[in-house]
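Novice: Numbering (this note's numbering), first residue to last: 957 to 1261.
Glycine is no exception: its CB is placed at the ideal position from the N, C-alpha and C atoms.
Treat the numbers as computed from the prediction; the structure is a model and nothing was measured.
1) What separation, rounded to the nearest whole angstrom, lies between the Cα atoms of residue 959 and residue 968?
2) If we ignore side chains and look at the alpha-carbon of each, how far apart do residue 1138 and residue 1146 end up?
3) Would DSSP call residue 1207 helix, strand or coil?
4) Should residue 1104 go down as buried or exposed, given a rule of 16 or more other Cβ atoms within 10 Å for buried?
5) Starting from residue 1017 and walking both ways along the alpha helix (DSSP H), at which residues does that stretch end?
6) Do you know whose CA, among 974, 979 and 975, lies nearest residue 1157's CA?
7) Mind listing, in chain order, the continuous alpha helix (DSSP H) runs of no fewer than 4 residues lying wholly within the segment 1021–1061?
8) Rounded to whole angstroms, how far is the Cβ of residue 1110 from the Cβ of residue 1058, which I believe are closer than 8 Å?
9) Please work out which residues of its chain come closer than 7 Å, Cβ to Cβ, to residue 1248, disregarding the five sequence neighbours upstream and downstream, and give them in chain order.
10) Could you spell out where the beta strand (DSSP E) holding residue 1145 opens and where it closes?
11) Determine the burial state of residue 1128: buried for a count of at least 16 other Cβ atoms within 10 Å of its Cβ, exposed for fewer.
12) Consult DSSP for residue 1212 and reduce its assignment to one of helix, strand or coil.
13) What residues in its chain sit with their C-beta under 8 Å from that of residue 1006, if we drop five residues either side in the sequence?
14) Measure the alpha-carbon distance for residue 1240 versus residue 1234 and round it to whole angstroms.
15) Is the segment 1065–1077 touching the segment 1113–1122, taking contact as three or more C-beta pairs under 8 Å?
16) Reducing DSSP to helix, strand and coil, say where residue 1107 ends up.
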């Protein structure tokens, strides 16, 4: 019995989630209440609790709470605004990550950093692997890549998980925008020549905690990069059509080209991520984007009741 108690105690991790009010942070908070993740004691912090760009605040918080694992969901994600707010984007996506990584290194905290498909330039003809050459084409992608580099330079132990096209029942995202527009308009115009993979934040949150359950964080050395999205690929147009069909919206979706929808930031034309590594290393079965979208819409309906 004593040995069993010691084993249970060893598996208990104090997990800090930063950026806890965003889509992924909110999904992690919801999953934290499920018994299958009882090996974690969760702490949730957003800007009102701890500013990741304030080194003194971060260090004091870590020292007070004796963190074992950090899951950093905090990020500047306004892709177009980043072109005009580069200093702010870099402050959060690079400098904040560097501060967190430095504290994690000094206090032996395992760090999980969430990154993005925007670290690639979108010129590939097949899904990007973790070892493929990066080449961000906008401030958002550049700042997120700088955050990856800052984490690796600190020689902290942890994981970088790149994801893409995140949506959730929480926060602002493409799915909720399409649902809103479907009630206001008879038709919408959506880009049909940019390809990627929609990712339900709840699936990603589940994967993060599943990965934590399968590794010994105190024995894992260095930084490893993984890719995670749902399975499959589609254009934003395809995604919008599926949203309208599954929600039974009476709103037509008209395909347009990127050049017909000018934005401040150039987007990758193709940013599908290869997930073979994370599936093989952790025995994951990843649902298709279409199935997860259907489940998210049911989830949104349940939350709205």
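Specialist: In short:
1) The predicted position of residue 959 is uncertain, since its pLDDT is 45 and thus under 50; a value taken from the coordinates is nonetheless stated next. Residue 959 and residue 968 have their C-alpha atoms spaced approximately 15 Å apart.
2) 13 Å
3) coil
4) When all chains shown are included, residue 1104 counts as buried.
5) 1011–1021
6) 979
7) 1042–1046
8) 5 Å
9) Here the set comprises 1156, 1159 and 1186.
10) 1143–1147
11) exposed
12) strand
13) 974, 1013, 1014 and 1017
14) 7 Å
15) yes
16) helix
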